[in-house]
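Here is the structure we will look at.
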Amino acid sequence: MKNGLVKARRVVDLSQLPELKVIERLSDGGLRVGACVSARMLELAQPVREGFTSLAESASVVGSLQIRHLATLGGNLANAAPSADMAPPLLALDAEFLIAGPRGQRRVPATDFFQGVRLTQLAADEVLVEIIIPAPGPGSGGTYVRHTPRRELDIAVVGVASQLTIAEGKCVKARIALAAVAPVPLRARQAEARLEGEAVTPALVEEAAQLAVEASRPISDQRGSAEFRRHLVRVLTRRTLTTALERASGLSAARNGAH
Ligand SMILES: Cc1cc2nc3c(=O)[nH]c(=O)nc-3n(C[C@H](O)[C@H](O)[C@H](O)COP(=O)(O)OP(=O)(O)OC[C@H]3O[C@@H](n4cnc5c(N)ncnc54)[C@H](O)[C@@H]3O)c2cc1C
663 MKNGLVKARR VVDLSQLPEL KVIERLSDGG LRVGACVSAR MLELAQPVRE
713 GFTSLAESAS VVGSLQIRHL ATLGGNLANA APSADMAPPL LALDAEFLIA
763 GPRGQRRVPA TDFFQGVRLT QLAADEVLVE IIIPAPGPGS GGTYVRHTPR
813 RELDIAVVGV ASQLTIAEGK CVKARIALAA VAPVPLRARQ AEARLEGEAV
863 TPALVEEAAQ LAVEASRPIS DQRGSAEFRR HLVRVLTRRT LTTALERASG
913 LSAARNGAH
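Here the sequence shown is numbered in our numbering, starting from 663 and rising by one per residue.
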């Protein structure tokens with residue numbers, strides 16, 4: 663609309679619907695987040711920071727403080743920019759998106775929601791209502807890190823979210839999600855599979871980082887070459903896996919801990 667490409671007959675403002683502003687911890691430890699929750703609310707909300715750290719971290723790097731007060735989670739996802747910061751943690755946390763429209767409601771896994779650059783599963787008459795995230799459970803830790811040339815008001819050249827669940831010294835579940843290295847945010851499934859069932863050593867992290875590089879399909883643009891992006895995937899995968907492991911291990915002894 664701003665660029666004059668779309669001439670809307672009506673504009674619908676969702677921002678005052680209380681149903682779309684919920685942040686609720688579910689009885690099973692999961693989380694519901696309404697599509698109109700702002701990045702700032704996500705960044706500060708205790709239930710998000712405590713159990714779903716990577717999502718709070720991703721919200722905390724969006725734009726500037728002013729932008730974070732306005733930018734909603736739903737807008738960030740429906741916008742479907744390949745660099746959207748709040749998407750990778752949701753892929754890594756196995757989130758589902760609740761969509762509503764005249765034909766009723768449906769739930770779509772985060773991995774299937776994105777269809778291409780600025781393309782999603784949303785039909786023109788549908789809205790994204792909320793995001794449902796299952797409990798990561800005890801012994802789980804995650805983080806999101808992105809690289810930008812400038813600290814603020816810049817979009818990710820590469821973003822990586824990792825989530826690991828550790829039990830009895832072995833990785834029982836691994837999730838690695840990448841942003842800005844393909845038309846859609848994607849999971850590095852072979853890297854995940856390499857980690858599962860194993861004790862996560864620095865050598866294994868290195869192998870997983872290499873597999874994540876192979877999963878990426880970056881382009882060269884004014885923000886960075888494909889080669890630079892592949893280098894960043896390796897570095898950020900290594901870094902996020904190391905932090906995820908520390909968080910998962912630190913909490914594995916805690917009774918209800920999840921990070
Ligand atoms: C200066 C600046 C810096 C930024 N920096 C970053 C950054 O660092 N990282 C990052 O990821 N993003 C960044 N962004 C993008 C920003 O995250 C998104 O623009 C913002 O999240 C969009 O949220 P919104 O509520 O304003 O959505 P809107 O702009 O209102 O909507 C975006 C699109 O999504 C649709 N939409 C919105 N909500 C819904 C819904 N519930 N259901 C269906 N469709 C919906 C709208 O119709 C529209 O097409 C930046 C933007 C600006 C302006």
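Cβ atoms here follow ideal geometry from the backbone N, Cα and C, with glycine treated the same way.
Treat the numbers as computed from the prediction; the structure is a model and nothing was measured.
Whole-Å CB distance - residue 840 paired with residue 850, under 8 Å assumed: Stepping through the sequence shown from its first residue, residue 840 is reached at position 178. Stepping through the sequence shown from its first residue, residue 850 is reached at position 188. Between residue 840 and residue 850, the beta carbon gap of about 6 Å places them in contact (Cβ cut-off 8 Å).
Residue 745 beta carbon near ligand 1 (any heavy atom closer than 7 Å): Taking the sequence shown and counting its residues from 1, the one referred to as residue 745 is at position 83. A heavy atom of ligand 1 is found nearer than 7 Å to the CB of residue 745.
The segment 878-896 / the segment 857-866 touching (three or more Cβ pairs under 8 Å): The segment 878-896 is not in contact with the segment 857-866.
Heavy atom of ligand 1 within 7 Å of residue 738 beta-carbon: Residue 738 sits at position 76 when you count from the first residue of the sequence shown. Judged by the Cβ position, residue 738 qualifies as a neighbour of ligand 1 at the 7 Å threshold, a heavy atom of the ligand being closer than this.
CB-CB length for residue 891 against residue 807, believed under 8 Å: As a position in the sequence shown, residue 891 is number 229, starting the count at 1. As a position in the sequence shown, residue 807 is number 145, starting the count at 1. In this structure, residue 891 and residue 807 do not form a Cβ contact; the two beta carbons are roughly 14 Å apart against a cut-off of 8 Å.
Residue 797 and residue 763 closer than 8 Å at C-beta: As a first step, residue 797 must be located in the sequence shown, where it is residue number 135. As a first step, residue 763 must be located in the sequence shown, where it is residue number 101. Inclusion of residue 797 and residue 763 in the CB contact set at 8 Å is not warranted, their separation being larger than that value.
Extent of the continuous alpha helix (DSSP H) to which residue 775 belongs: Here the question's residue 775 lines up with position 113 in the sequence shown. 772-775 is the span of the alpha helix (DSSP H), which, as asked, contains residue 775.
Residue nearest to residue 880 in terms of C-alpha spacing, selected from 745, 738, 751 and 780: As a position in the sequence shown, residue 880 is number 218, starting the count at 1. When each option's Cα is compared against that of residue 880, the closest is 745.
The segment 713-728 / the segment 812-827 touching (three or more Cβ pairs under 8 Å): Contact between the segment 713-728 and the segment 812-827 is present, with at least three C-beta pairs closer than 8 Å.
Nearest to residue 804 (by Cα), restricted to the options 901, 739 and 732: Within the sequence shown, the letter at position 142 stands for residue 804. Residue 804 has its Cα closest to that of 901, out of 901, 739 and 732.
Residue 733 beta carbon near ligand 1 (any heavy atom closer than 7 Å): The residue given as residue 733 occupies position 71 in the sequence shown. Checking the Cβ of residue 733 against ligand 1 gives yes.
Beta-carbon spacing of residue 795, residue 759 below 8 Å: What you label residue 795 is simply residue 133 of the sequence shown in a count that begins at 1. What you label residue 759 is simply residue 97 of the sequence shown in a count that begins at 1. The criterion of a C-beta distance shorter than 8 Å is not satisfied by residue 795 and residue 759.
In chain order, each alpha helix (DSSP H) run of at least 4 residues that lies wholly inside the segment 663-707: Counting only runs that start and end inside the segment 663-707, the alpha helix (DSSP H) elements of at least 4 residues fall at 701-706.
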